[in-house]
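Read the sequence shown against UniProt numbering and you will find it ends at 242, with the numbers running on by one and no gaps. Everything below concerns the one structure shown next.
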Amino acid sequence: MPSPTVELVAQSPSGVEVAATLGIPRVELCCALELGGLSPSEALLRRSVSAGRAGPAPVEVHPLIRARPGDFVFDEAELDLMVDDVAHAVAAGAAGVVVGALDARGMPDLPFVERVLEAAAGAEVTFHRALDASADPVRAYEQLAGVGLTRVLTSGGRPTALEGRETLRALVALGLSTQVMAGSGVTAANVRAIADTGVDAVHLSAKRRVGGGGLAMGGSDDGGHDVTDAAAARALLDALSG
1 MPSPTVELVA QSPSGVEVAA TLGIPRVELC CALELGGLSP SEALLRRSVS AGRAGPAPVE
61 VHPLIRARPG DFVFDEAELD LMVDDVAHAV AAGAAGVVVG ALDARGMPDL PFVERVLEAA
121 AGAEVTFHRA LDASADPVRA YEQLAGVGLT RVLTSGGRPT ALEGRETLRA LVALGLSTQV
181 MAGSGVTAAN VRAIADTGVD AVHLSAKRRV GGGGLAMGGS DDGGHDVTDA AAARALLDAL
241 SG
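Quick look at the structure:
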């Protein structure tokens, strides 16, 4: 069984540079990862795309397009905003986008997905872990495959990909063209067990908390911030190849 592709989460151009140095071919770019990730600014996206092109190995940048934290049932204004963000991201050089929205029944918002595919103009489209919040992740995956998405990012409907590995295995067994990428809690210690499900890719944040102890700017703020941990990412690559 071939090793899955590795995707790294980055919140800065320096995170993209880590991916390039390690030979990781794709990053999901976001901000506010502590909130589950939100859309990056246009400047952050452009600088990250430049970093991906300038490194020792090319890195595709796929920004997360998410208008707010919280649930994945968005109002029309939020959906319109995200469709516009998709078009701007592709114009800024993104190789793909990462989106997700559910309808009132808890299933993928397919009209929104179709609008995203049109706005993406041929760029890759990943449906993120809104899939795991859906009423039926397996059926949701089948629906998304039916409209031609590139891939889904999922933990198999469980808090972590390791816990959801039997559902991941079931998604792979369907043999559909939409790739299955496992994410949530993926580490060097468990990546082999997750890869054994046959997923096409694994997704890791490899984040490390720095700073802290300063003036808190909100109820959940400890004064620190996350950076990409190159050692953690390298350890995962070693575990996959070992």
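Glycine included, each C-beta is placed from N, C-alpha and C at the ideal position.
C-beta atoms of residue i and residue j nearer than 8 Å
i    : j    : result
V59  : I24  : yes
D85  : S41  : no
L162 : N190 : yes
A233 : V61  : no
A57  : A20  : yes
G224 : V202 : no
D229 : T5   : no
A94  : A123 : yes
S3   : S184 : no
6 Å CB neighbourhood of residue i in its chain, flanking five on each side removed
i    : result
T167 : G156, G157
A235 : A188
F72  : G100, A101, L102, A130, A133
H128 : V98, G100, L153
E78  : A67
A47  : According to the sequence shown, residue 47 is Arg rather than Ala. Hits under 6 Å: P13.
Where the alpha helix (DSSP H) through residue i begins and ends
i    : result
D71  : First-last for D71: undefined, no H or E at that position.
V18  : 13–22
P63  : Careful: P63 lies outside any alpha helix (DSSP H), inside the beta strand (DSSP E) at 60–63.
A140 : 137–146
A170 : 165–173
R192 : 191–195
A120 : 110–120
Nearest candidate by alpha-carbon position, reference residue i, set the options
i    : options                : result
G96  : C31, R26, A161         : R26
A195 : K207, A206, A182, S205 : A182
L171 : A57, L237, E142, D103  : E142
E114 : M82, Q179, L44         : M82
A140 : T160, A121, A161, L174 : L174
G198 : S241, S184, V180, L44  : V180
D80  : L149, A89, A67, A123   : A67
H88  : A121, P4, E17, G146    : A121
D75  : A43, F112, A91, L64    : F112
G55  : V90, G70, V16, L64     : V16
G36  : P159, G242, A233       : P159
P137 : I65, R165, A123, R53   : R165
C30  : L64, A51, V6, T5       : L64
T126 : G185, G52, E28         : E28
A51  : L22, P13, D238         : P13
L45  : E7, V90, G70           : V90
Contacting residues, own chain, Cβ-Cβ under 8 Å from residue i (five flanking each side not counted)
i           : result
L33         : V9, Q11, S205, K207, D226
A135        : R105, G106, M107
R169        : T197, G198
T150        : G96, E124, V125, T126, T178, Q179
residue 252 : Given a span of 1 to 242 for the chain in the structure shown, any question on residue 252 remains unanswerable.
Contacts around residue i, its chain only, beta-carbon distance under 7 Å, and the 5 residues preceding and following it disregarded
i    : result
D109 : A101, L102, D103
A145 : L176, S177, T178
A119 : V83, V86, A87
L237 : V6, L22
P69  : L35, G36, L38
Residue i, enclosing beta strand (DSSP E) - first and last residue
i    : result
G55  : Segment: none, G55 is in no beta strand (DSSP E) and carries neither H nor E.
A231 : Premise fails: A231 lies in the alpha helix (DSSP H), 230–241, not in any beta strand (DSSP E).
E124 : 124–127
T5   : 5–10
R151 : 151–154
L29  : 26–29
Whole-angstrom C-beta distance between residue j and residue i, which should lie under 8 Å
i    : j    : result
A239 : R192 : 6 Å
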